[in-house]
Amino acid sequence: MDVQDVDFEELYQGATPMGRKMPWDLGAPQPAVVALADAGEFTGDVLDIGCGLGDNSAFLASRGLRVTGLDGAPSAIEQARTRAPGVTFAVADATKLEGYEDRFDTVLDSALYHCLSEDERRQYLAALTRAARPGATLHLFAFSPEIPDGFPAPYLITEANLRETVGKDWTIERLEPTRYTTSMTPEELRQSVRMILDQDPADLSRLETDTDGRVLVPVWQLKAVRR
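Just so you know, we're using the numbering used here here: the sequence shown kicks off at 19 and counts up by one.
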């Protein structure tokens, strides 16, 4: 899947074969994010970068945190404001983050990093470094190479890439494989692959599902502290 061919604004408008259901739109916070919050991993002013429709932002705000949700798709931000009117949302370029310098104590990247090209990732991390205060914590989830062929993933991220790119200005405290919850059952995922790629998907049977039948995909879970 070439991420350069993906128009996220069109996705959020529902103007694609995927319709209104997107793999990352659970209509609820990502369970891996809930687990981090339960462990007390979010403090102070929180940036939810690539917030999409704002469910993670709304959840974190419900825990008493000051949350800013930013996304590059205006339609996503418009819908996020409707879903969570008490949260601050704005349209922003994640590779620049102009006007947000030295603002945040915790940063959440819930599956944005793997949507960026190599050059964009470097610009993005530089922007995050400027936006985060010294000692701030970054929590990042990104698709790993363990994802099977046929899954519509933008980029698969290696451990070496994360250690090099994030490690430039952040001290990595944890980097480990985990599972990320999608909104789709295996059959819904197969149908989406057929519509998006106009081909039958490869065998996706080795992907796990949760108790609700939703596909779980392999990702890296990273925790790092800004130097």
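Each residue gets a CB set at the ideal place from its N, CA and C atoms; glycine is no exception.
Under the three-state reduction of DSSP output, Tyr118 falls in the coil class, being neither helix nor strand. If you look at Ile175, you'll find it isn't in any beta strand (DSSP E); DSSP assigns it neither H nor E. Secondary structure note for Thr86: its beta strand (DSSP E) is the uninterrupted segment 84-89. Per the coordinates, the alpha-carbon of Asp63 lies some 30 Å from the alpha-carbon of Leu234.
Counted as a single uninterrupted DSSP element, the beta strand (DSSP E) harbouring Ile67 occupies residues 63-67. Rounded to whole angstroms, the separation of the alpha carbons of Ala94 and Leu222 is 29 Å. Glu177 places its beta carbon 8 Å or farther from that of Arg197.
DSSP places Gln31 in the uninterrupted alpha helix (DSSP H) bounded by 26-31.
According to the DSSP secondary-structure assignment, Asp137 is paired through a beta bridge with no residue. By alpha-carbon distance to Ile190, the top candidate from Gly153, Thr86, Ala53, Ala79 is Gly153. Rounded to whole angstroms, the separation of the alpha carbons of Val51 and Asn74 is 7 Å.
Selection Pro41, Leu29, Pro166, Leu146 evaluated against Asp111 yields Leu146 as nearest (Cα-Cα).
Rounded to whole angstroms, the separation of the alpha carbons of Pro204 and Cys69 is 25 Å. Taking a C-beta distance under 8 Å as the contact criterion, Ala149 and Leu83 do not qualify as a contact pair.
For the pair Ser201 and Tyr173, the Cα-to-Cα distance works out to about 19 Å.
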